[in-house]
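Participant: Mind having a look at this structure? Questions to follow.
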Amino acid sequence: EKLYKEYGDQSLRKDFYQTVACSFSCSVNRKGKSSVTGKQVERWFQEKLKKQNQAESKAKPSPPQILDLSHLSAARNAGNVTTVEKRKGKASDLMDPAFEAKSEKDGAWYDVASFQSYRTLSTGEEEARVRFSRLDNEHDEWLNIKKSVRQRSIPVESSECGRVKVGDLLVCF
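Right, here's the structure in full:
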């Protein structure tokens with residue numbers, strides 16, 4: 001529900017549906033149940049959008065909520081990080097598909113199943129509590145977002161490596 005409210009009728013990509021399906025299927029509450037497919041998630045979003053459009057035609061829509069984070073960037077630019085307030089948030093605030101994170105435990109990069117929470121330290125650095133794919137909550141880690149989180153690399157066959165451009169996020173085998 002929260003993701004639907006965030007994204008609404010924006011065009012959503014197939015990898016978004018797949019990421020949500022994987023995250024949902026891997027949750028503790030779904031153990032022993034059949035997994036959810038990306039197609040099922042896509043249909044759910046389409047139905048919600050259809051219902052919302054019908055309801056909006058009958059009622060006036062409320063204005064979107066805008067979160068003002070300008071004080072954070074202003075504090076960073078001024079170099080005065082001590083004025084930045086410590087804040088925490090929910091996992092859905094950072095939910096975005098296709099990320100990987102570098103584990104502090106072994107230095108390896110792993111796919112991110114979900115962001116459990118986030119916080120801003122008194123130094124101004126932002127951290128996210130990351131749950132890695134295929135690992136349980138005992139392996140969650142607080143990681144620096146700038147240093148240890150990136151958009152997931154795309155695997156490419158060795159025959160395709162010649163077409164790679166500088167800046168492309170991918171892994172060649």
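Under full-length UniProt numbering, think of the first position of the sequence shown as 1, with each following residue one higher.
Every residue, glycine too, gets a C-beta built ideally from N, C-alpha and C.
List the endpoints of the continuous alpha helix (DSSP H) containing K147.
Facilitator: Counting along the chain, the alpha helix (DSSP H) containing K147 begins and ends at I145 to S148.
Participant: Assuming E127 and N144 make a contact with CB atoms under 8 Å, what is their CB distance in whole Å?
Facilitator: Confirmed, Cβ separation roughly 6 Å.
Participant: Since V28 is in the beta strand (DSSP E), which residue starts that stretch and which ends it?
Facilitator: V28 -> no beta strand (DSSP E), and no H or E assigned at all.
Participant: Mind checking which residues open and close the beta strand (DSSP E) that includes D111?
Facilitator: W109 to T120
Participant: Around the C-beta of V164, are 16 or more other C-beta atoms found within 10 angstroms, so that it is buried, or is it exposed?
Facilitator: exposed
Participant: Judging by CA-CA distance, which residue of E157, Q46, V112 and K146 is the nearest neighbour of C26?
Facilitator: V112
Participant: What is the DSSP secondary structure of R152, counted as helix, strand or coil?
Facilitator: coil
Participant: Thinking just about the alpha-carbon of each residue, which of H139, G107 and R30 is nearest to the one in F115?
Facilitator: Distances from the alpha-carbon of F115 to those of H139, G107 and R30 put H139 closest.
Participant: Which residues does DSSP list as the beta-bridge partners of E100?
Facilitator: D111 and R150
Participant: Straight-line CA distance for V31 to A21?
Facilitator: Before going further, note that residue 31 is Lys rather than Val in the sequence given. The alpha-carbon atoms of K31 and A21 are separated by roughly 14 Å.
Participant: Strictly by DSSP, which residues pair up with A128?
Facilitator: Y118 and L143
Participant: Could you give the DSSP three-state label for L135: helix, strand or coil?
Facilitator: coil
Participant: Residues in the same chain with beta-carbon distance under 6 Å from G38, minus the five sequence neighbours each way, listed in chain order, please.
Facilitator: Y17, Q18 and A21
Participant: Counting only the same chain and skipping the five closest in sequence on each side, list residues whose C-beta sits under 8 Å from that of L135.
Facilitator: Y110 and A113
Participant: Give me, in chain order, the residues of the same chain whose beta-carbon lies closer than 7 Å to that of W142; leave out the 5 immediate sequence neighbours on both sides.
Facilitator: E127 and R129
Participant: Just how far apart, CA to CA, sit L49 and E125?
Facilitator: 37 Å
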